[in-house]
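Reading through the structure tokens given below for one structure.
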Amino acid sequence: MGSKPYEVVNILGFNSPEWFIANNGAQLASCIAAGIYATNFPDACHYITNHSKAKVVCVEDNKQLKKYVGSKKACCALTHIAVWGEEPDAGMVAECKKEGVTVMTFKEFLQIGKDVDTEVITTLSSAVKPGNCSSLI
43 MGSKPYEVVN ILGFNSPEWF IANNGAQLAS CIAAGIYATN FPDACHYITN
93 HSKAKVVCVE DNKQLKKYVG SKKACCALTH IAVWGEEPDA GMVAECKKEG
143 VTVMTFKEFL QIGKDVDTEV ITTLSSAVKP GNCSSLI
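Those letters in the sequence shown? Residues 43 to 179, by my numbering.
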């Protein structure tokens with residue numbers, strides 16, 4: 043996805059296996075997982091995503107995805123959104139695509155990493171040391 047160590051991955055949704063997987067996956071990639079309250083309004087979500095310079099956002103459903111439609115100016119670094127819980131709405135996917143943001147299902151998101159060599163994951167995750175930020179709350 044182009045994320046580098048210590049870059050932020052935002053996670054927007056209620057507690058679920060997908061939330062846990064996104065959080066731990068970000069940490070294993072030596073990124074920083076930063077949750078966003080599912081009850082936040084779009085402006086608050088945009089502020090957090092822009093301020094953290096997140097390229098990747100994982101969202102629970104179309105309700106959360108809608109908060110990012112038309113947000114590219116507010117979320118300058120954003121390039122990918124992964125949606126769990128339901129199929130992304132085709133209209134919202136098209137709107138995001140116009141802005142250069144790729145929307146995919148969480149299943150597709152997971153498939154991107156299926157062929158990553160274990161050695162790469164070990165190298166990235168071992169770079170995280172005590173005192174490093176791995177999660178923002």
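From the three backbone atoms N, C-alpha and C, an ideal C-beta is built for every residue, glycine too.
Per DSSP, the bridge partner or partners of residue i
i	result
Gly77	Ile53
Ala116	Ala116 pairs with nothing; no bridge assigned.
Thr144	His122
Ser177	Ala75
Backbone secondary structure at residue i - three-state DSSP
i	result
Cys100	strand
Met134	helix
Val162	helix
Thr121	coil
Ser2	Residue 2 falls outside the range modelled here, since the chain spans only 43 to 179, and no answer is possible.
Gly44	coil
Residue environment, residue i, which counts as buried when at least 16 other CB atoms sit within 10 Å
i	result
Gly67	buried
Val158	exposed
Gly44	exposed
Cys87	buried
Lys109	buried
Leu54	buried
Proximity below 8 Å, CB of residue i to CB of residue j
i	j	result
Ala102	Ala116	Reading off the sequence shown, one finds Glu at residue 102, where the question assumed Ala. No; because the gap between Cβ atoms is not below 8 Å, this pair is not in contact.
Leu107	Met146	no
Leu70	Ile163	yes
Ser72	Ala169	yes
Asn52	Ile78	yes
Nearest-angstrom beta carbon gap, residue j and residue i [assumed within contact, 8 Å]
i	j	result
Val50	Lys95	6 Å
Ala64	Ala76	Between Ala76 and Ala64 the Cβ distance is about 11 Å, and since that is not below 8 Å, they are no contact.
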